[in-house]
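Take the sequence shown: its position 286, counted from the start at 1, is 325 in my numbering, and no numbers get skipped. C-beta atoms are modelled at their ideal positions from N, C-alpha and C, and glycine is treated no differently. Taking it in order: structure first as structure tokens, then the write-up.
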Amino acid sequence: MTRRPQPPRSRPPSVDDAVALLRGQGYVADVGLGTALFLSLELGRPLLLEGEAGVGKTEVAKTLAAGLGRPLIRLQCYEGLDLASAAYEWNYAKQMIHIRAAEGDGSRAPGASAGAADGPRTDTDNPPADLARDVFSEDFLIRRPLLSALDPADGVAPVLLIDELDRTDEPFEAYLLEILSDFQITIPELGTVTATEPPHVVITSNRTREIHDALKRRCIYHWIDYPTAARELEILASRVPDAPEQLSTQVVAFVQKVRELELFKRPGVAETLDWTRALMALDRHTLDRETAHRTLGVLLKYQDDLERMAEGGVEEVMAAAE
Ligand SMILES: Nc1ncnc2c1ncn2[C@@H]1O[C@H](COP(=O)(O)OP(=O)(O)O)[C@@H](O)[C@H]1O
Ligand SMILES: [Mg+2]
Numbered sequence: 040m041t042r043r044p045q046p047p048r049s050r051p052p053s054v055d056d057a058v059a060l061l062r063g064q065g066y067v068a069d070v071g072l073g074t075a076l077f078l079s080l081e082l083g084r085p086l087l088l089e090g091e092a093g094v095g096k097t098e099v100a101k102t103l104a105a106g107l108g109r110p111l112i113r114l115q116c117y118e119g120l121d122l123a124s125a126a127y128e129w130n131y132a133k134q135m136i137h138i139r140a141a142e143g144d145g146s147r148a149p150g151a152s153a154g155a156a157d158g159p160r161t162d163t164d165n166p167p168a169d170l171a172r173d174v175f176s177e178d179f180l181i182r183r184p185l186l187s188a189l190d191p192a193d194g195v196a197p198v199l200l201i202d203e204l205d206r207t208d209e210p211f212e213a214y215l216l217e218i219l220s221d222f223q224i225t226i227p228e229l230g231t232v233t234a235t236e237p238p239h240v241v242i243t244s245n246r247t248r249e250i251h252d253a254l255k256r257r258c259i260y261h262w263i264d265y266p267t268a269a270r271e272l273e274i275l276a277s278r279v280p281d282a283p284e285q286l287s288t289q290v291v292a293f294v295q296k297v298r299e300l301e302l303f304k305r306p307g308v309a310e311t312l313d314w315t316r317a318l319m320a321l322d323r324h325t326l327d328r329e330t331a332h333r334t335l336g337v338l339l340k341y342q343d344d345l346e347r348m349a350e351g352g353v354e355e356v357m358a359a360a361e
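Here it is as structure tokens:
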């Protein structure tokens, strides 16, 4: 423990403290996740969380940021995500306005010696050296999540959430690997930006494709599974504390059984919470077959799965869950 993190809050000194940090924010973590988180913070390595949708991956990053009292910077990944959206881009419109203004008042490039200053209008394509230096300065830089995370405005290293990395393509992953290797970004026109204190990085993947070995090797990896019934009840108690006890027990038993079925998309924790809230909105204190039938759309989002449940599935699950 030679390298103490900067305030606002020090990182948890043990696995138990890592679990407690998450629990303190209402996130119910087991010792496996606690260990992965602890090691990721201790060793300064990104935490790579994989698991089905709705099992609580994204929430780990949000909870960590809140628990450490650090800002959260989120990079939501999608197909076609590029450097301009992920790291930085030049504010082209602002650059043009600046160039036009400089042309208009004749004040451009007072010390320009290159001799290109007095050309016709087309020289906006080839502005003099000083003007070029102007418009490629920080004032004209649009900072996207990766750059903001390495060089935060308030100087406090944030939690950087790189969410659903499996949605991007491999070239982007390679670029990310470079950034995560030395926590720096090179901007050709400006120079290299290096993080004084690296951000805490949490990467999530729904595993629609495999993340590359090279990137995985840099990370502490943890698979978040669907919770056991006991843990799911704890989560429910934490997130929907006013849910009637019997309803919670029945909902969890039901959902756990549904997850055993051959479904296109099994319900995650998010759906358990949503369903409980929906049943409460209908003033239900217990789960009955008829209401279960009517509200299944909160739990299952694919017509095939809903049909499967309609054709005797609810009876089967209710019977097994009782
Ligand atoms: N272990 C947990 N403790 C508390 N809340 C949880 C837990 N797991 C999931 N949740 C809740 O479930 C919802 C979905 O979680 P999210 O992180 O968005 O899932 P994912 O990113 O895996 O799709 C969130 O509202 C989150 O608060
Ligand atoms: Mg998510």
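Alpha carbon to alpha carbon, how far is residue j from residue i? Give it in angstroms, no decimals.
i	j	result
residue 100	residue 197	10 angstroms
residue 224	residue 170	24 angstroms
residue 333	residue 312	17 angstroms
residue 155	residue 168	Caution applies to residue 155, whose pLDDT of 42 falls short of 50 and renders its modelled position unreliable; the value that the coordinates give is listed next. Their backbone Cα atoms lie some 9 angstroms apart in a straight line.
residue 358	residue 278	27 angstroms
residue 307	residue 139	54 angstroms
residue 87	residue 259	6 angstroms
residue 158	residue 207	Confidence is the limiting factor: at residue 158 the pLDDT is only 42, short of 50, which leaves the residue's position unreliable, though a coordinate-based value still follows. Cα to Cα, residue 158 sits roughly 44 angstroms from residue 207.
residue 272	residue 250	32 angstroms
residue 335	residue 319	14 angstroms
residue 280	residue 186	39 angstroms
residue 195	residue 342	47 angstroms
residue 108	residue 49	9 angstroms
residue 77	residue 125	27 angstroms
residue 200	residue 299	31 angstroms
residue 64	residue 301	34 angstroms
residue 141	residue 192	29 angstroms
residue 120	residue 326	44 angstroms
residue 256	residue 216	10 angstroms
Using beta carbons (cut-off 8 angstroms, strictly below), is residue i in contact with chain B?
i	result
residue 284	Absent here is chain B; the protein component of the structure consists of one chain.
Put residue i into one of helix, strand or coil per three-state DSSP.
i	result
residue 228	coil
residue 148	Since pLDDT at residue 148 reaches only 46, below the 50 mark, its modelled position is unreliable, and the value read off the structure follows with that caveat. The answer is coil: DSSP assigns residue 148 none of H, G, I, E or B.
residue 274	helix
residue 84	coil
residue 66	coil
residue 250	coil
residue 363	Because the chain is modelled from 40 through 361, residue 363 falls outside the range shown and cannot be assessed.
residue 256	helix
residue 113	strand
residue 263	coil
residue 280	coil
residue 89	strand
residue 207	coil
residue 288	helix
residue 74	helix
residue 48	coil
Which one of the options has the shortest CA to CA distance from residue i?
i	options	result
residue 287	303, 300 and 310	310
residue 354	344, 331 and 141	331
residue 58	90, 94, 97 and 103	103
residue 236	228, 222 and 254	222
residue 106	80, 121, 85 and 115	80
residue 127	304, 183 and 252	183
residue 176	212, 227 and 207	227
residue 241	314, 114 and 323	114
residue 263	361, 179, 71 and 124	71
residue 219	188, 247 and 248	188
residue 351	338, 337 and 329	329
residue 323	285, 267, 349 and 97	285
residue 92	348, 266 and 120	266
residue 211	52, 172, 253 and 190	253
residue 209	117, 292, 337 and 123	117
Report the CB separation of residue i from residue j in whole angstroms; it is logged as a contact under 8 angstroms.
i	j	result
residue 202	residue 243	5 angstroms
residue 282	residue 315	5 angstroms
residue 340	residue 296	Not quite, the Cβ-Cβ distance comes to about 18 angstroms (not below 8 angstroms), so this is no contact.
residue 94	residue 274	With a Cβ gap of about 10 angstroms, residue 94 and residue 274 do not count as contacting.
When you measure from the CB of residue i to every non-hydrogen atom of ligand 4, does any distance come out below 7 angstroms?
i	result
residue 202	As presented, the structure is devoid of ligand 4, carrying ligand 1 and ligand 2 as its sole ligands.
Only counting runs of 3 or more residues, tell me where the beta strand (DSSP E) segments fall wholly within the region 165-203, in order along the chain. 180-182 and 198-202
Every unbroken alpha helix (DSSP H) inside the region 308-344 [4 residues or more]: 308-320 and 328-334
So within the region 91-140, which uninterrupted alpha helix (DSSP H) runs reach at least 4 residues, ignoring any that extend past its ends? 96-107 and 122-125
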